[in-house]
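*Asks:* These protein sequences, in sequence, are chains B and A.
Just so you know, we're using the numbering used here here: the first sequence kicks off at 1 and counts up by one.
Just so you know, we're using the numbering used here here: the second sequence kicks off at 1001 and counts up by one.
Think of the CB as a built atom: it goes at the ideal place given N, C-alpha and C, for glycine as much as any other residue.
Number of protein chains: 2
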Amino acid sequence: MKTTEDPRYIATRNLALDAAFKIFHSESVLAVTHASVSAETGISRSTLYRHWPHVEQLRKDAMLRVARPPVIAPRTNGPLKADLNWMLGLLMAALNETPWGKIAPQMIATAATDEDAKSAINGFMADRKRDMMSVFEAAEQRGELAPDAPVENLIEMAISVPYHRKLVAGLPLDYDWLDGHIETLCRLALRPGAAD
Amino acid sequence: MKTTEDPRYIATRNLALDAAFKIFHSESVLAVTHASVSAETGISRSTLYRHWPHVEQLRKDAMLRVARPPVIAPRTNGPLKADLNWMLGLLMAALNETPWGKIAPQMIATAATDEDAKSAINGFMADRKRDMMSVFEAAEQRGELAPDAPVENLIEMAISVPYHRKLVAGLPLDYDWLDGHIETLCRLALRPGAAD
DNA sequence: CAACTATGCAACAAAATGTTCTATAAGATC
DNA sequence: GATCTTATAGAACATTTTGTTGCATAGTTG
């Protein structure tokens, strides 16, 4: 029997990582240690050391397992402005109100030195970009898009600014701001004649 | 005589923080400890503990003292496109080639839980935004700007995307990309009739 | 049931972290 | 220059965190 299939092993692992994530998001990555996870779960320290010989492994596993941004289902009903409002409204809410807002900065920092964390967060972002792309493609098929709309750049702008405002600039993310942001995006995206 | 004015105290402090910064940017914040700084400088551990009773204080001081983004002098000669090219080119270089690119993520992560780090990085960003504002104001005075240009949003977009590409999306920051980025910004900023 | 293996517990080892005391040397005061 | 003050180096020590190991127990597999 392989270790990785033993139900006890799996159960311990899941329990530990859930607790690790809880600690991670209520305090910080640094607060995640074998000792703190043991205290939180009742799992003995020695068992945790058998699963993760070093703290960094434990922290990274906790991060990679559950620290992913909420997936936002792309809405492509149109019009573009409404779709953007839906997508970016959810992104905004995710940054403001879910653990992701607290966890993202620590993942970003980890990604600077750790390849696994880097490819994880890069992957998340590529996915979000792809979702956004489908929104713009739908708009194009509806004939809403300006023929020369710089879609790639617009998508980057759409997503980057909320992250930057929240994590770096420390500015509020609210619907007042979002309206203006979307308005600006649409000015470049929409065909001059299109309904606004 | 006050402690904070004693030249020996100042010298020790400077030496220690310089070393701390060096360790910080060549390894990580976590590598900054009283022991590592002592080894790097020859300052005795007990002295370091007198200056910074706890590691976090030492780490934070190192961060706040020297971890600031390179200041980019605003260029406002015009035309706007050239000014943007100058400013964003330097920002790009700073992110790609100076310690700031490695340090920023760790500051952002620290800012999520520490008020001092937060206000420091928020302050840096507000400064950069202000610089960018002077660029746009100069363009306006030259009559380049579209009357309804959403300057606030444009500035946010201009700055946010490079940070996001580098730190979150893991995409390259190069002149190929920058040209398109600036082109897109100018389309929204410039008066329809203005020279491009 | 028999063989295997993950767990809990306790004892231990090692390293990181923090404290305190003393002698010395550098700076400040007169 | 003599004296008082204060920061430092160094060492000894206490504490906490981190990691290891051996063994009895209990759950899992065949």
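#1: Taking 7 Å as the line, does the beta carbon of A:Q1057 fall inside it for any heavy atom of the ligand GDP?
#2: Please compile the residues from chain B whose C-beta is within a distance smaller than 7 Å of the C-beta of A:V1161.
#3: Does B:T98 come within less than 8 Å of chain A when only Cβ atoms are used?
#4: Just mark B:P105 as buried or exposed, buried being the case when its beta carbon has 16 or more other beta carbons within 10 Å.
#5: Kindly indicate the opening and closing residues of the alpha helix (DSSP H) around B:E201.
#6: With C-beta atoms as the reference, is A:L1178 less than 8 Å away from A:G1089?
#7: I'd like the span of the alpha helix (DSSP H) that includes B:D42, first residue to last.
#8: Please report the residue range of the alpha helix (DSSP H) in which A:A1019 lies.
#9: From B:T113 to A:L1030, what distance separates their C-alpha atoms?
#10: So, with DSSP's three-state summary, where would you put A:L1048?
#11: On the DSSP bridge assignment, give the partners of B:L190 in chain order.
#12: So, are the CB atoms of A:P1162 and A:L1154 less than 8 Å apart?
#13: So, is A:S1160 buried or exposed, given that buried needs 16 or more other C-beta atoms within 10 angstroms?
#14: What does the alpha-carbon distance come out to for the pair A:N1014 and A:R1065?
#15: Excluding the 5 residues preceding and the 5 following A:M1092 in the sequence, name in chain order all residues of the same chain whose CB lies nearer than 7 Å to its CB.
#16: Is the separation between the beta-carbon of A:P1099 and that of A:H1034 shorter than 8 Å?
#17: Taking Cβ positions, are A:D1131 and A:P1074 nearer each other than 8 Å?
#18: Provide the residue span of the alpha helix (DSSP H) that contains B:N96, from first to last.
#19: Are the Cβ atoms of B:A16 and B:V37 separated by less than 8 Å?
#20: Measure the C-alpha to C-alpha separation of A:G1101 and A:L1095 and round it to an integer number of angstroms.
#21: Check the Cβ of B:L167 against every Cβ in chain A and list those closer than 7 Å, keeping chain order.
#22: If the cut is a Cβ gap below 9 Å, which residues of chain A does B:S28 touch?
#23: Measuring only the C-alpha atoms, how far is A:K1060 from A:A1117?
#24: How would you label A:H1054, buried or exposed, when you count the other beta carbons within 10 angstroms and need 16 or more for buried?
#25: Which same chain residues, not among the five before or five after A:A1139, have their C-beta less than 6 Å away from its C-beta?
#26: Have a look at A:A1111, A:R1045, A:I1023, A:S1028 and flag the residue whose alpha-carbon is nearest the alpha-carbon of A:T1012.
#27: Excluding the 5 residues preceding and the 5 following B:Y49 in the sequence, name in chain order all residues of the same chain whose CB lies nearer than 7 Å to its CB.
#28: With DSSP run on the structure shown, which of helix, strand or coil describes B:W177?
#29: Return helix, strand or coil for B:M1, following the three-state DSSP convention.
#30: Which residues in the same chain as A:M1001 place their Cβ atom closer than 6 Å to its Cβ, once the five residues preceding and following it in sequence are excluded?
#31: Using only CA atoms, which one of A:D1006, A:A1189, A:R1165 lies nearest to A:E1137?
#32: Does the CB of B:L188 have a neighbour CB from chain A at under 8 Å?
#33: Which residues in the same chain as A:A1062 place their Cβ atom closer than 7 Å to its Cβ, once the five residues preceding and following it in sequence are excluded?
#34: Straight-line CA distance for A:D1006 to A:T1041?
*Replies:* With the structure as the only source:
#1: Absent from the structure shown: the ligand GDP. Ligands present: none.
#2: At a beta-carbon threshold of 7 Å, the residues of chain B lying near A:V1161 are E156, M157, S160, ordered along the chain.
#3: By the rule that beta-carbons nearer than 8 Å mark a contact, B:T98 does not touch chain A.
#4: In summary, B:P105 is buried, with 16 or more beta-carbon neighbours lying within 10 Å of its beta-carbon over all protein chains present.
#5: Absent from the model: residue 201 of chain B. The displayed extent of chain B is 1 to 196, so no value can be given.
#6: A:G1089 sits close to A:L1178, with the two beta carbons spaced by under 8 Å.
#7: Here the sequence assigns Gly to residue 42 of chain B, which means Asp is not the residue at that position. B:G42 -> no alpha helix (DSSP H), and no H or E assigned at all.
#8: Boundaries of the alpha helix (DSSP H) around A:A1019: 1007-1026.
#9: When rounded, the distance between both Cα atoms is 12 Å.
#10: Of the three classes helix, strand and coil, the one that applies to A:L1048 here is helix, per DSSP.
#11: DSSP links B:L190 through a beta bridge to B:L145.
#12: No.
#13: Buried, by the Cβ-count rule.
#14: Rounded to the nearest angstrom, the two C-alpha atoms are 10 Å apart.
#15: Short of 7 Å from the beta carbon of A:M1092, and not among the five residues preceding or following it, lie these beta carbons of its own chain, in chain order: P1162, L1173, L1178.
#16: No.
#17: Taking 8 Å as the Cβ cut-off, A:D1131 and A:P1074 qualify as a contacting pair.
#18: Counting along the chain, the alpha helix (DSSP H) containing B:N96 begins and ends at 80-97.
#19: Going by C-beta atoms, B:A16 is nearer than 8 Å to B:V37.
#20: Their backbone Cα atoms lie some 4 Å apart in a straight line.
#21: Within chain A, the residues near B:L167 are I1108.
#22: Neighbours of B:S28 on chain A, chain order: A1109, A1112, T1113.
#23: The alpha-carbon atoms of A:K1060 and A:A1117 are separated by roughly 8 Å.
#24: A:H1054 comes out exposed.
#25: If the five residues before and after A:A1139 are omitted, its C-beta is found closer than 6 Å to the C-beta atoms of L1080, L1145, all from its own chain and listed in chain order.
#26: The shortest C-alpha separation from A:T1012 is found at A:R1045.
#27: In the same chain as B:Y49, and ignoring 5 residues on each side of it, the C-beta atoms closer than 7 Å to its own belong to H34, in chain order.
#28: Judged by DSSP in its simplified three-state form, B:W177 adopts helix.
#29: At B:M1, the pLDDT of 45 sits below 50, so the modelled position is not reliable; the number obtained from the coordinates is stated separately. Here B:M1 sits in coil by DSSP.
#30: Because the pLDDT at A:M1001 is just 44, under 50, the model does not fix this residue reliably, and the point stays unresolved.
#31: Comparing Cα-Cα distances from A:E1137 to each of A:D1006, A:A1189, A:R1165, the minimum goes to A:A1189.
#32: Taking CB atoms only, B:L188 has a neighbour in chain A less than 8 Å away.
#33: Result list for A:A1062: L1017, A1020, F1021, F1024, V1032, in chain order.
#34: Cα to Cα, the separation comes out at about 19 Å.
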